[in-house]
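Participant: Residue numbers (this note's numbering), protein chains in the order written: chain W, 1 to 344; chain Z, 1001 to 1257.
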Amino acid sequence: MKTQILARQERDAREAVFPDLRNVGILARALILYLAMVLGHALAISTKPYDLIINIAVVLAGGLPAAALVGAAWALFSPWLRRLAYWQAAGLLIALTAAVAAWGARLTDAPPWRAVPLALLGLAAILIYFHTLGRALSPAVTEARLQALQARIRPHFLFNSINGVLGVLRADPKRAETALEDMADLFRVLMLENRDLQPLADEIALTRQYLNLEKMRLGDRLNVVWKLDKMPPDAVVPPLVLQPIAENAVYHGIEPTQSAGVIEIEVAQLRNEITITVRNPFLERAGAHHGGNKMAMSNIRERLALHFDAEARMSSGPRDGRYQVQLVLPYVAMTKTTDTRSLV
Amino acid sequence: MTNMAASTRPKRIIIADDEPPARRRLFDLLDELQPAFPHVVVAEVDNGRAALLAAQQGADVILLDINMPEMDGLEAARHLLKMDNAPSVIFITAYEQHALAAFEVHAVDYLLKPVRRERLLAALQRVTPLTAPQLEALPRGARRYLSISERGRLLLVPSDDVIFFRAEQKYITVVTAEKEYLLEDSLTRIDEEFGGRFLRIHRNCLARADLIETFERDADADGEAQWIVTLRGRPERLPVSRRQHAQVRSLAKRVRE
Chain W
1 MKTQILARQE RDAREAVFPD LRNVGILARA LILYLAMVLG HALAISTKPY DLIINIAVVL
61 AGGLPAAALV GAAWALFSPW LRRLAYWQAA GLLIALTAAV AAWGARLTDA PPWRAVPLAL
121 LGLAAILIYF HTLGRALSPA VTEARLQALQ ARIRPHFLFN SINGVLGVLR ADPKRAETAL
181 EDMADLFRVL MLENRDLQPL ADEIALTRQY LNLEKMRLGD RLNVVWKLDK MPPDAVVPPL
241 VLQPIAENAV YHGIEPTQSA GVIEIEVAQL RNEITITVRN PFLERAGAHH GGNKMAMSNI
301 RERLALHFDA EARMSSGPRD GRYQVQLVLP YVAMTKTTDT RSLV
Chain Z
1001 MTNMAASTRP KRIIIADDEP PARRRLFDLL DELQPAFPHV VVAEVDNGRA ALLAAQQGAD
1061 VILLDINMPE MDGLEAARHL LKMDNAPSVI FITAYEQHAL AAFEVHAVDY LLKPVRRERL
1121 LAALQRVTPL TAPQLEALPR GARRYLSISE RGRLLLVPSD DVIFFRAEQK YITVVTAEKE
1181 YLLEDSLTRI DEEFGGRFLR IHRNCLARAD LIETFERDAD ADGEAQWIVT LRGRPERLPV
1241 SRRQHAQVRS LAKRVRE
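#1: Using CA coordinates, which residue listed in W:T335, W:V250 and W:L64 is at the minimum distance from L123 (chain W)?
#2: Let me check understanding here. Comparing Cα to Cα, which of W:R82, W:W87 and W:L93 lies closest to G71 (chain W)?
#3: Counting C-beta neighbours from all protein chains within 10 Å, is the total for G261 (chain W) 16 or more, i.e. buried, or is it exposed?
#4: Which chain Z residues are close to R170 (chain W), counting only those with a beta carbon under 7 angstroms from its beta carbon?
#5: Give the single residue among Z:D1109, Z:A1207 and Z:Q1056 whose Cα lies nearest to the Cα of R1232 (chain Z).
#6: If we define contact as Cβ-Cβ less than 8 angstroms, is A1022 (chain Z) a contact residue for chain W?
#7: Pop quiz: V237 (chain W) and L200 (chain W) are said to be a contact at Cβ under 8 angstroms. What is the actual Cβ separation, rounded to whole angstroms?
#8: Applying a beta-carbon distance threshold of less than 7 angstroms, which residues of chain W neighbour K1113 (chain Z)?
#9: Compile a chain-ordered list of the residues in the stretch 254-269 of chain W whose CB is closer than 8 angstroms to at least one CB of chain Z.
#10: Can you tell which of W:E214, W:M216 and W:F18 has its C-alpha closest to the C-alpha of G134 (chain W)?
#11: Can you say whether F187 (chain W) is buried or exposed, counting buried as having 16 or more other CB atoms within 10 angstroms of its CB?
#12: Please compile the residues from chain Z whose C-beta is within a distance smaller than 8 angstroms of the C-beta of M216 (chain W).
#13: Please decide whether D1046 (chain Z) counts as near chain W, where near means a Cβ-Cβ distance under 8 angstroms.
#14: Please report whether the beta-carbon of E1070 (chain Z) lies at a distance below 8 angstroms from any beta-carbon of chain W.
#15: Going straight from the alpha carbon of V224 (chain W) to that of P244 (chain W), what length do you get?
#16: Measuring only the C-alpha atoms, how far is I1066 (chain Z) from D1017 (chain Z)?
#17: Run the CB neighbour count on R29 (chain W), radius 10 Å, all protein chains shown included, and call it buried at 16 or more, exposed below.
#18: Determine, using beta carbons only, whether R1076 (chain Z) comes closer than 8 angstroms to chain W.
#19: What does A1094 (chain Z) reach in chain W if we use C-beta pairs closer than 8 angstroms?
#20: Nearest-angstrom Cα distance between A101 (chain W) and D234 (chain W)?
#21: Kindly indicate the opening and closing residues of the alpha helix (DSSP H) around Q416 (chain W).
#22: Could you check how far apart the C-beta atoms of A115 (chain W) and A105 (chain W) are, in whole angstroms? I think they sit under 8 angstroms.
#23: Indicate whether at least one CB of chain W lies closer than 8 angstroms to the CB of R1232 (chain Z).
#24: So, I1014 (chain Z) versus A1036 (chain Z), is the Cβ gap smaller than 8 angstroms?
#25: Using the Cβ count rule (16 or more neighbours within 10 Å means buried), how would you classify Y1171 (chain Z)?
#26: Given that R1025 (chain Z) touches chain W, what residues does it touch there, using C-beta distances under 7 angstroms?
#27: Please state whether the Cβ-Cβ distance between A1050 (chain Z) and L1064 (chain Z) is less than 8 angstroms.
#28: What does DSSP give as the partner residue(s) for N280 (chain W) in the beta ladder?
#29: Measure the CB-CB distance between L1012 (chain Z) and G1058 (chain Z) and report whether it falls below 8 angstroms.
#30: Got a sec? Which residues, its chain only, sit under 7 angstroms from A176 (chain W) by beta carbon, not counting five neighbours each side?
#31: How close, in whole Å, do the beta carbons of D229 (chain W) and L206 (chain W) come, if the pair is a contact with beta carbons under 8 angstroms?
#32: Just how far apart, CA to CA, sit V1174 (chain Z) and M183 (chain W)?
#33: What did DSSP end up calling L192 (chain W) once you bin it into helix, strand or coil?
#34: Could you work out which residues of chain Z lie near G219 (chain W), taking near to mean beta carbons separated by less than 9 angstroms?
#35: State the start and end residues of the unbroken beta strand (DSSP E) segment that holds K1011 (chain Z).
#36: Using 8 angstroms as the Cβ pair cut-off and three pairs as the minimum, do the stretch 1111-1120 of chain Z and the stretch 1079-1087 of chain Z touch?
Following this line, the structure appears as C-alpha cells:
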C-alpha cells in the first residue's frame, strides 16, 4: 500500500505543472528572481560603484517593458497554458519571449544578437527555478502526507470509537450501524492520497460524520453549532482542512472537562475569500493533554501553502475566553474547468 | 469479615469511565460473566473523583479508565491508597503506548479498549490490591486534588485552592481560603510535583508564586531583621529564609513589573 502510494506520487511529481503566474506568491517569486538577474547583469557590466546605479536603470529600461509584456501574457493565458503539456506551454512562452525581445531590439536600435539570448536566458532561469521548486516540493509533500496520514489516525480515537460502537451495539444496533458507516467514510478520506481540491460541502459532510462519532462517545458533553448560511455552495478546498481542526477542538476543548461545551464552526465567503472559523472552550488546565496539536496544524498550513502559496492564511489562539482557529483561503468555485492542482 | 465470607459474597464492582457507551459495554460484559464471577455493580461513575466517593461506600474492585476529565484514573488510584479497605484496581485504557510499558514492568493490571470478556474475567479473578511502590513507578502528572484523611474519611482538596503549605513537625498544614488541613506528606515531594506553581520561601514553607503580594523587611520577635512575604487575601506574614531570599526577591520583582 505504502510503496504503491509512493510510486504513484513519484509519477505525479515527474509530470510537471506549468507555474500559475496569477498566484500572488508565484508572481512575487518570479519578480524577485527577475530583479536579482537585473542586479547581477548591472554588477557584471559596472566598473565603478556609481556606474552600478546607472547600469541598473539602463538594464531595467531595456528589459522591463519586454518582461512586463511576457509576464502579462503569461498571467492572462495562465489557465489555458496550464492545460497544455509542460513542454508545449514552455515552447510557446519561449517563442513569445524571443519575438518580444527581437521586436524590442528593433524599436530601440539595440543589437538583437544580445537582446534575444539575454531575454531567453532570463526566462529559462525562471522556468528552471519553478520546475526545480515543484520537484523539490513533491517528494517532501509525499513524505509529509505519509507522516500526516500516520499521525492523523489518532490511535486513541480509533480504539475509543470501536469501543463506543461495541458499547451501543446491543442497546441501539441502528446507531452502531451508522457509526460504522461514518467510520468507514472517515477512514476512506484519511487514507486518500489525492491532493486535489474537493467540494467544500464534502468536507463539511465528513466533519459532521466525525463529530457524530465523537457525540456517540461523549454524549451531552459535545455540542456543535454550525453557521453555514454565508457559505458559498460551489467552493472547493484542499481535502481535510476542517476535520482535523474539529478533532483538535474536541480533544482540547471537550474531552478534558466534564461540563458540556460548544464547538462553533462557521464558514463564510467574504469577497474573494472563504473564512473557516472553529471555536471551542479554552481550558487552561488542559496543559498535560496537549501534544499532537502542532503536528495537525502545521500539516494543514503546509498543504494550504502548497495549494495557494501566500494567498491562504491560518491563525489560532485564545479569543474572548474561547480558543479560535481561523483559516482564510481564496474562493475557488467548482466548475468543469477549475484547476485543482498544486501551483507549480 | 472472614475470608470465607469474603469469597462467598458477590464482589462489589465500581465502573469508572467518562464515556457512556464504554460503561455500557463493561456492564454488559460483566453481566455475562455473572456465573463465572458473581458480583454486583455498586456504582457507575464518570470521573475519578466520583469513583473515590463511591469507593468510600465500600467496594472490592474498581474498573478504572485512565483518561477521564476532572480526575484521571492514575490520580484516583493514588488517593485510593490512603483509604482503609480500598478496592483493588483494574486500569482500562484505549491506547497509552508509553504508560503501558510501565504497567507491564510493575505488574499493574490493565485492560485495553475494546475490552474482551475473557481478558476481563482473567483480570477479575487474579486481581490484587495495588501497592504504593507500584503506583509510584507509573507515569503521572501533578495531582488535581490533595487527599486528606479526616477521621477515617477521605477529603479531597483541589490543589488549585491551596494558598500555601507549611511543614510542622510530623504534618504539613495546607492552607486554603476557607480552611486549613493537616496532610501527611513531605514538602520536598510536593515541591517536586507542583514545581513552578509553588515557591519555596523557607525550609518549612511553600507559597503560591502568583499570589505573592508584598516582599519586605521586618523585624522578628528578637528584634532581628528578616524578610517576609504576604500573600493576596491572607493576613499571615511568612518569613523568608536567607537561602531563598534571592529567588523570592527576583520573583517579587517580576510580579511587580
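Yeah, the Cβ is synthetic: ideal placement off N, Cα and C, and Gly gets one too.
Facilitator: For this structure:
#1: W:L64
#2: W:L93
#3: buried
#4: D1028
#5: Z:A1207
#6: yes
#7: 5 angstroms
#8: F159, N160 and N163
#9: E255, P256, T257 and Q258
#10: W:F18
#11: exposed
#12: P1021
#13: yes
#14: yes
#15: 15 angstroms
#16: 8 angstroms
#17: buried
#18: According to the sequence shown, residue 1076 (chain Z) is Ala rather than Arg. Chain W, which has no Cβ nearer than 8 angstroms to the Cβ of A1076 (chain Z), makes this no.
#19: P155, H156, F159, N160 and N163
#20: 42 angstroms
#21: Chain W is shown only over 1 to 344; residue 416 (chain W) falls outside these bounds and no answer can be derived.
#22: 4 angstroms
#23: no
#24: no
#25: exposed
#26: N163, L166 and G167
#27: no
#28: W:Y323
#29: In the sequence under discussion, the amino acid at residue 1012 (chain Z) is Arg, which differs from the Leu named in the question. For R1012 (chain Z) and G1058 (chain Z), yes; Cβs fall inside 8 angstroms.
#30: V165, V168 and L169
#31: That belief does not hold up - the Cβ atoms of D229 (chain W) and L206 (chain W) are roughly 20 angstroms apart, past 8 angstroms.
#32: 49 angstroms
#33: coil
#34: E1019, P1020 and P1021
#35: K1011 to A1016
#36: no
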